[in-house]
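*Asks:*
2 protein chains.
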Amino acid sequence: MSKKPLILVTNDDGITAPGIRTLIKVMNRIGDVVVVAPDSPQSGMGHAITIDDTLYCREEHIDNGPQKEYSTSGTPADCVKLAVHELLDRKPDLCVSGINHGSNSSINVIYSGTMSAAIEAGMEGIPAIGFSLLNYNWDADFGPTEQYIETICQNVLENGLQKGIILNVNFPSKAIKGTKICRQANANWVEKFDKRRSPMGRDYYWLTGEFINQDNGEDTDEWALEQGYVSVVPVQFDLTAHYYIQELNNWNLNG
Amino acid sequence: MSKKPLILVTNDDGITAPGIRTLIKVMNRIGDVVVVAPDSPQSGMGHAITIDDTLYCREEHIDNGPQKEYSTSGTPADCVKLAVHELLDRKPDLCVSGINHGSNSSINVIYSGTMSAAIEAGMEGIPAIGFSLLNYNWDADFGPTEQYIETICQNVLENGLQKGIILNVNFPSKAIKGTKICRQANANWVEKFDKRRSPMGRDYYWLTGEFINQDNGEDTDEWALEQGYVSVVPVQFDLTAHYYIQELNNWNLNG
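Line by line, the protein sequences are chains R and Z.
Numbering-wise, my numbering puts 213 at position 226 of the first sequence, and it's gapless, one number per residue.
Numbering-wise, my numbering puts 87 at position 100 of the second sequence, and it's gapless, one number per residue.
(1) With a CB to CB cut of under 6 Å and the five nearest residues on each side skipped, what residues in its chain are close to residue 111/Z?
(2) Does the CB of residue 189/R have a neighbour CB from chain Z at under 8 Å?
(3) Would you mind working out which of 120/R, -10/R, 4/R and -5/R sits nearest residue 107/R, comparing C-alpha positions?
(4) Would you check if the region 27 to 35 of chain R and the region 67 to 85 of chain R touch, i.e. whether three or more CB-CB distances between them fall below 8 Å?
(5) Only counting the same chain, and skipping five residues up and downstream in sequence, which positions put a Cβ closer than 7 Å to that of residue 191/R?
(6) Rounded to whole angstroms, what is the Cα-Cα separation between residue 158/Z and residue 135/R?
(7) For a contact defined as C-beta to C-beta under 8 Å, what are the partners of residue 142/R on chain Z?
(8) Can you name, in chain order, every residue of its own chain whose Cβ lies under 8 Å from the Cβ of residue 195/R, other than the five neighbours on each side?
(9) Short of 6 Å in beta carbon distance, which residues of its chain neighbour residue 133/Z, apart from the five on each side in sequence? Order them along the chain.
(10) Whose Cβ in chain R lies nearer than 8 Å to the Cβ of residue 44/Z?
(11) From what residue to what residue does the beta strand (DSSP E) around residue 152/Z run?
(12) So, under 8 Å CB-CB, residue 105/Z and residue 153/Z are touching, yes? Tell me the CB distance rounded to an integer number of Å.
(13) Is residue 225/Z close to chain R, meaning its C-beta is less than 8 Å from at least one C-beta of that chain?
(14) Would you call the region 81 to 88 of chain Z in contact with the region 39 to 51 of chain Z, where contact means no fewer than 3 C-beta pairs closer than 8 Å?
(15) Is the CB of residue -12/R under 8 Å away from at least one CB in chain Z?
(16) Since residue 36/R meets chain Z, which of its residues come closer than 8 Å, beta carbon to beta carbon?
(17) Please state whether DSSP places residue 9/Z in a helix, a strand or coil.
(18) For residue 80/R, which residues in the same chain have their Cβ closer than 6 Å to its Cβ, ignoring the five residues on either side in sequence?
(19) For residue 210/R, is the classification buried or exposed, using 16 other Cβ atoms within 10 angstroms of its Cβ as the cut-off for buried?
(20) Give me whichever residues DSSP pairs with residue 115/R in a beta bridge.
(21) In this structure, what does DSSP give as the bridge partners for residue 120/Z?
(22) Residue -10/Z: buried (16+ other C-beta within 10 angstroms of its C-beta) or exposed?
(23) In chain A, what lies closer than 7 Å to residue 180/R by C-beta?
(24) Looking only at DSSP bridge pairs, what is residue 44/R linked to?
(25) Check whether the Cβ atoms of residue 217/R and residue 166/R sit closer than 8 Å, and answer yes or no.
(26) When you compare each of 163/R, 148/R and 91/R to residue 155/R by their alpha carbons, which one comes out closest?
(27) What does the alpha-carbon distance come out to for the pair residue 143/Z and residue 227/Z?
(28) Please give the ranges of any beta strand (DSSP E) in the region 189 to 231 of chain R, keeping only runs that are unbroken, at least 3 residues long and fully inside the region.
(29) Applying a beta-carbon distance threshold of less than 7 Å, which residues of chain Z neighbour residue 229/R?
(30) With DSSP as the reference, label residue -8/Z as helix, strand or coil.
(31) Taking its Cβ as the centre, do 16 or more other Cβ atoms sit within 10 Å of residue 39/R, making it buried, or is it exposed?
(32) Taking 8 Å as the CB-CB limit, is residue 94/R close to chain Z?
(33) If you follow the beta strand (DSSP E) that residue 105/R is in, where does it begin and where does it stop?
(34) Would you please state the rounded distance, in angstroms, between the beta carbons of residue 88/R and residue 170/Z? I believe it to be under 8 Å.
Structure, rendered in structure tokens:
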């Protein structure tokens, strides 16, 4: 019998979130699971790391599963760094992050703690996938995602992922028709700030906003999700817009 | 006389950092300046946003310059959102972020609060540039950067930047030879955690690490900076690895 793969599981909603508990359950069918996740919700943390503060970490026993678990006081990216460089004996064969409660499709990938953990693992050379469900409710039904998660993870374990590639997988909240490989839709948030005055007389704001999809393409994640497909976007951490280098070389920047 | 451009200035080291004070001084030569910056250091915040907490903002008078200034309790990305959607009467013609105390070249762009503010502005359709100096000292000499910053900003104001492109500009800490348009080097951090025990008996960690440049290319930002050039990398927020979509289409993800 071949050795089981070592799978690192993390998220940004915190170690007790229903999404990560589902993901742990599915991963236990595939390999040896180690969970290193934030001890409290870290949504919207982007790719934040803890560089000027202490990082706490403790072992947890949350359910009776075979996995080993640790919670940390850090961000999702911190969790991956700590797992890889301190807690694990060997490099994991796979890192999965999520299942996030809410969308990380299109431009949301930029703000996503879930995806930052997966990207951090990708930077370490570990095949990595972020999973998200388009449902913010804490009691959302993650059941229909399980079979797709297992299939996608088995494919990544068998085929590998080219260095520098991370998968961003989003699940629709409606009945699932299948899977589509997509590009990130060109969409954005139009913010509205709700201005209030505190009982102490200080002005403060709540950030709210409306999501606007400006992209009509039928090859985008937003389109696939709208149609009831699971969207799979290959994401990279080389942010260089290579196609624009020639344009800039025409500028006179040396006075 | 033509109308002066409206320039939004922000950073991640906080509104009183010497880097942003230099940037404000240079921008006052070019346009009408509004500063919206964090009230305390936010380094390593990546593209974090404040979504479940209050955001404070107040007007500041830090020096006798002509600029208008606000500090906020938020992240660099929050500052840009608040500026564009609440504080400014019109869309700025340019957003500049920095000058960061320390490098945001190569993979550091992923963790950078300085660049997340510039990227947020780019997402709003505002031409945006992040500036960083490869010197972490609070009393670093920003003088040699001033002429280059002015030239780069004038070029962006005259030529514009294609929607979706943001410039990541890093200055060497040695004598400057000129400017190079570059790609992001393939480099990474190898983390080391310094494990300690608190007086109360809890284990905790400090994150430390060593920067490893694995990229020998002479078209990278790391190479340019090493040689004494200012590196200019065009950065994008479409994270899709378009070249990998065909590969994934060969996988069997629908079981």
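Here a beta-carbon is modelled for each residue, glycine too, at the ideal position from N, C-alpha and C.
Everything numeric in this text was worked out from a predicted model, so none of it was measured.
*Replies:* A quick look at the data gives this:
(1) Sequence index remark: in the second sequence, residue 111/Z carries index 124 (1-based). 71.
(2) By one-based count along the first sequence, residue 189/R stands at place 202. It does; some Cβ of chain Z falls within 8 Å.
(3) Within the first sequence, residue 107/R is the residue found at index 120, counting from 1. Selected option, being the one with the closest Cα: -5/R.
(4) no
(5) As a position in the first sequence, residue 191/R is number 204, starting the count at 1. If we look at residue 191/R and ignore the five residues flanking it on each side, its Cβ neighbours are 183 and 185.
(6) Start at 1 with the first residue of the second sequence, and residue 158/Z comes out as number 171. Start at 1 with the first residue of the first sequence, and residue 135/R comes out as number 148. Whole-angstrom Cα-Cα distance: 47 Å.
(7) Your numbering for residue 142/R matches position 155 in the first sequence. Neighbours of residue 142/R on chain Z, chain order: 238, 239 and 240.
(8) Position 208 of the first sequence, counting from 1, holds the residue named residue 195/R. Here the set comprises 178, 179, 180 and 181.
(9) To locate residue 133/Z, count along the second sequence from 1; it is residue 146. So the list reads 13, once near-sequence residues are dropped.
(10) Indexing the second sequence from 1 puts residue 44/Z at position 57. In chain order: 190, 191 and 192.
(11) Position 165 of the second sequence, counted from the start, is the residue given in the question as residue 152/Z. It spans 152 to 158 - the beta strand (DSSP E) in which residue 152/Z sits, taken as one unbroken run.
(12) Position 118 of the second sequence holds residue 105/Z. Position 166 of the second sequence holds residue 153/Z. Their Cβ separation, rounded to whole angstroms, is 5 Å, which keeps residue 105/Z and residue 153/Z in contact under 8 Å.
(13) Within the second sequence, numbered from 1, the residue matching residue 225/Z stands at position 238. Answer yes: the Cβ-Cβ gap between residue 225/Z and chain R drops below 8 Å somewhere.
(14) no
(15) Within the first sequence, the letter at position 1 stands for residue -12/R. Only weak support exists for where residue -12/R lies, its pLDDT of 46 falling under 50; the coordinates are left without a value.
(16) As a working mapping, residue 36/R is identified with position 49 in the first sequence. Per Cβ cutoff of 8 Å: 31, 33, 98 and 194.
(17) Position 22 of the second sequence, counting from 1, holds the residue named residue 9/Z. Note: residue 9/Z maps to helix in three-state DSSP.
(18) Locating residue 80/R in the first sequence gives position 93, counting from the first residue. Excluding sequence neighbours, residue 80/R sits near -8 and -7.
(19) Indexing the first sequence from 1 puts residue 210/R at position 223. The residue is buried, with at least 16 neighbouring Cβ atoms inside 10 Å.
(20) As a working mapping, residue 115/R is identified with position 128 in the first sequence. Answer is 82/R, bridged to residue 115/R.
(21) Locating residue 120/Z in the second sequence gives position 133, counting from the first residue. For residue 120/Z, which the question treats as bridged, DSSP gives the partners 88/Z and 158/Z.
(22) On the second sequence, residue -10/Z is found 3 positions in, with the first residue counted as 1. Classification of residue -10/Z: exposed, given that the 10 Å Cβ count is below 16.
(23) The structure shown contains no chain A; the protein chains it does contain are R and Z.
(24) Against the first sequence, residue 44/R aligns to sequence position 57. Paired residues: 59/R.
(25) Position 230 of the first sequence holds residue 217/R. Position 179 of the first sequence holds residue 166/R. Result yes, Cβ atoms of residue 217/R and residue 166/R sit closer than 8 Å.
(26) As a working mapping, residue 155/R is identified with position 168 in the first sequence. Taking only the C-alpha atoms, the option nearest residue 155/R is 91/R.
(27) For the purposes of this step, residue 143/Z is taken as residue 156 along the second sequence, with counting starting at 1. For the purposes of this step, residue 227/Z is taken as residue 240 along the second sequence, with counting starting at 1. Their Cα atoms are separated by approximately 25 Å.
(28) 190 to 200 and 216 to 223
(29) Position 242 of the first sequence, counted from the first residue, corresponds to residue 229/R. Those are 170, listed as they occur along chain Z.
(30) For this step, residue -8/Z is matched to residue 5 along the second sequence. Residue -8/Z falls in the coil class under three-state DSSP.
(31) Counting from one through the first sequence, the residue named residue 39/R turns up at place 52. Burial call: exposed.
(32) Your numbering for residue 94/R matches position 107 in the first sequence. So, interface residue.
(33) Position 118 of the first sequence, counted from the start, is the residue given in the question as residue 105/R. Looking at the DSSP string, residue 105/R is not in any beta strand (DSSP E); the run it does join, the alpha helix (DSSP H), is 100 to 110.
(34) Counting from one through the first sequence, the residue named residue 88/R turns up at place 101. Counting from one through the second sequence, the residue named residue 170/Z turns up at place 183. The Cβ separation is near 36 Å, so there is no contact.
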